[in-house]
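Chains as they are written, first to last, in the working numbering: chain A, 208 to 320; chain B, 221 to 331.
Worksheet: one structure, shown below.
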């Protein structure tokens, strides 16, 4: 089993609220990713990081922001949630040297009312 | 446009039968990976095949890669109810974002 954890598992909030989705891994991986996935659909990369103080936007435009102050922690923040942000958010990590396997968290299912 | 496209989008078979899923991609790759996702959960890595390999086995899984056709297939033999999940291919194109995922095949194994 992967040692990568996401909290909360489920989140229901009202429009306009600020939220932070947490992601932590204990494997010392330098690469970390955030994907957005609607039910039964493909994964869309929204943010990634190759190490501390490194963050990049992915191929799907997102109003969220991320930070990477510590190797093991890669939180995602929405300053003002909207119903269009309702989705599943998946965090993943891996080694940049090999790029041969990603470990995924169990995801956060976000519902914005 | 997506790098990886999977076929079929959904597959339903009886327990004990073999399941085959296909993945096509557009650009050259370093490797191709298959992942499984149970409903409402994260993805789990199953198997990786490099661009210079043609076939790979892992337990009941068999993966083939045809770089001339830019396609791969995943075969699950002697399927079980626990194999019910979505299966995604992911390609490593060597770009900055590294892995690009297909849209997945939803596999249902009927007891």
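Beta carbons are placed, not taken as given, at the ideal position from N, Cα and C, and that holds for glycine.
Determine the DSSP secondary structure at residue i, reduced to helix, strand or coil.
i, result
"residue 310 of chain B", "strand"
"residue 237 of chain A", "coil"
"residue 268 of chain A", "coil"
"residue 227 of chain B", "strand"
"residue 328 of chain B", "strand"
"residue 300 of chain A", "strand"
"residue 248 of chain B", "coil"
"residue 232 of chain B", "strand"
"residue 221 of chain B", "Summary for residue 221 of chain B: the model assigns pLDDT 42, below 50, so the residue's position carries little reliability; its value from the coordinates is reported in the next sentence. Correct three-state label for residue 221 of chain B: coil."
"residue 294 of chain A", "strand"
"residue 245 of chain A", "coil"
"residue 288 of chain A", "coil"
"residue 210 of chain A", "coil"
Going along chain B, which residues have a C-beta under 9 Å from residue i?
i, result
"residue 181 of chain A", "Chain A is shown only over 208 to 320; residue 181 of chain A falls outside these bounds and no answer can be derived."
"residue 316 of chain A", "260"
"residue 248 of chain A", "323 and 324"
"residue 313 of chain A", "260, 261 and 262"
Report the CB separation of residue i from residue j in whole angstroms; it is logged as a contact under 8 Å.
i, j, result
"residue 267 of chain A", "residue 296 of chain A", "Contact doesn't hold; Cβ gap of about 12 Å is too wide."
"residue 236 of chain A", "residue 301 of chain A", "6 Å"
"residue 323 of chain B", "residue 226 of chain B", "6 Å"
"residue 251 of chain B", "residue 263 of chain B", "About 16 Å separates the two Cβ atoms, so there is no contact after all."
"residue 299 of chain A", "residue 242 of chain A", "7 Å"
"residue 283 of chain A", "residue 273 of chain A", "5 Å"
"residue 295 of chain B", "residue 238 of chain B", "6 Å"
Per DSSP, what are the beta-bridge partners of residue i in this structure?
i, result
"residue 319 of chain A", "A:220"
"residue 240 of chain B", "B:295"
"residue 270 of chain B", "B:251"
"residue 278 of chain B", "B:281"
"residue 258 of chain A", "A:261"
Taking residue i as the query, report the chain B residues whose CB atoms sit under 8 Å from its CB, ordered along the chain.
i, result
"residue 297 of chain A", "262 and 263"
Can you find at least 3 beta carbon pairs, one from the segment 253 to 260 of chain A and one from the segment 218 to 231 of chain A, that sit closer than 8 Å?
-> As far as the Cβ criterion goes, the segment 253 to 260 of chain A does not touch the segment 218 to 231 of chain A, which means the pair count is below three.
Spell out a yes or no on whether the segment 308 to 316 of chain A and the segment 214 to 226 of chain A are touching, meaning 3 or more CB-CB pairs, one atom from each, closer than 8 Å.
-> The answer is yes - the segment 214 to 226 of chain A touches the segment 308 to 316 of chain A, with three or more Cβ pairs under 8 Å.
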